[in-house]
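One structure below.
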């Protein structure tokens, strides 16, 4: 394994953020298609602040939304990893898994592969007991990734960061527990 990666999947390397990632992440966050299920795309300054939050999360919690590269090309393709969700809800604070992939890299299964590897890291290395994920009610692609990695839908909720009546306020909540993950992966061995 390359020393620059914290861990790898078969096609992806997961690492900490570097200063040269900022323009690429800013382009990703500014892409309206990528940000379709967010209230709006993020600007450069918001992206810069996000990377600072990811670094702080890694230092404080041992995890973050990791920068992700393709191993075959070394190309940065987005992020996959974890965040500590702290907004007001019945299930927070919690560790959430999330992903955001460059549009040019869609359709190759990278989100599913990367999220599955991150779950393995979460349960086997970080020793987490449960991981959550949530998305807007109409984000079928992200919901499909959640299902493919073994998560189960547990609830719907109104995201408190969005105004009442906003078209994206209704969110779907998924989770997977360490025991469920271990059982599913033991049967694949």
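Numbering (the numbering used here), first residue to last: 831 to 1019. Don't be surprised by glycine CBs; every beta carbon is placed ideally from N, CA and C.
- Rounded to whole angstroms, the separation of the alpha carbons of residue 903 and residue 939 is 16 Å.
- Distances from the CA of residue 921 to each of 878, 876, 1002 and 888 were compared; the closest alpha carbon is that of 1002.
- In the three-state DSSP reduction, residue 925 falls in the strand class (E or B).
- In the structure shown, the three-state DSSP call for residue 979 is coil.
- In the three-state DSSP reduction, residue 919 falls in the coil class, being neither helix nor strand.
- Residue nearest to residue 867 within the set 967, 1008 and 1016 is 967 (criterion: CA-CA distance).
- Judged by pairs of C-beta atoms under 8 Å, the stretch 877 to 897 touches the stretch 846 to 854, as three or more such pairs exist.
- For residue 914, DSSP records a beta bridge to 925.
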